[in-house]
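Visitor: Numbering (my numbering), first residue to last: 49 to 228.
1) So, residue 129 versus residue 64, is the Cβ gap smaller than 8 Å?
2) Return the chain-ordered list of same chain residues with a C-beta closer than 7 Å to the C-beta of residue 163, the five sequence neighbours on each side being excluded.
3) Tell me the residue span of the beta strand (DSSP E) that contains residue 198.
4) Pick helix, strand or coil for residue 111, following the three-state DSSP scheme.
5) Can you say whether residue 222 is buried or exposed, counting buried as having 16 or more other CB atoms within 10 angstroms of its CB?
6) Beta-carbon of residue 54 versus every beta-carbon of chain D: anything under 8 Å?
7) Exposed or buried, what is residue 104 when buried is set at 16 or more other beta-carbons lying within 10 Å of its beta-carbon?
8) Please state whether the Cβ-Cβ distance between residue 181 and residue 225 is less than 8 Å.
9) CB residue 199 to CB residue 59, shorter than 8 Å?
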C-alpha cells in the first residue's frame with residue numbers, strides 16, 4: 049500500500065458504506081444462528097421494534113467476535129471519521145449486538161427510528177434474503193419525512209452485498225423498507 053488512507057464512501061452526513069465480513073464468514077454465522085434457533089434454548093428479542101432475531105451475546109459471540117470487532121475495527125474507524133468521532137465513536141466501550149430476521153409475513157420492515165447509540169453498524173448477512181433498503185432521514189434533531197439517503201442491499205451488478213454494511217451515527221433517523 050502507498051500509505052494513503054481513504055475513508056469509506058459516505059451516502060449522507062455520518063453514514064458510510066463499507067465491506068465488513070467475507071461471504072464465507074456470513075454463511076458460517078448464518079448456520080450458527082440457525083442451529084441456535086433450532087436448539088430450543090431461550091432467546092431474547094433483539095430490540096423492542098423487532099419480534100424476530102436474537103442477541104449475539106446469548107450465543108457466546110461477544111468475547112471472540114463482537115468485542116474484537118468493536119475494539120479493532122469499529123472504534124479505530126469511527127475515530128477517523130469526523131461525524132462519528134465527534135460523538136465519541138473513537139472511544140466506544142459498550143455494545144449491543146444482535147441480528148434481526150426479516151421474513152415475509154413476519155417482520156418485513158422497520159419504521160423510522162434512531163438508535164440509543166453513538167455509532168451503529170448494520171451488516172448484511174445475505175442468506176435467504178433478496179434485498180431491501182436502509183433509508184436515512186437525517187439527524188434526529190432535524191429529520192423530516194423525506195429521505196436524505198438510501199442504501200440498497202444489492203450491488204450495482206444485481207448481486208447481494210453479502211458482508212457489506214453501513215456504519216452510521218446512532219442519532220441518524222433510519223428505517224428498513226422493501227425487505228424480501
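Every residue, glycine too, gets a C-beta built ideally from N, C-alpha and C.
Guide: For this structure:
1) Cβ distance < 8 Å, so residue 129 and residue 64 count as in contact.
2) 218
3) 197-200
4) Here residue 111 sits in helix by DSSP.
5) buried
6) The structure shown contains no chain D, having only a single protein chain.
7) buried
8) yes
9) yes
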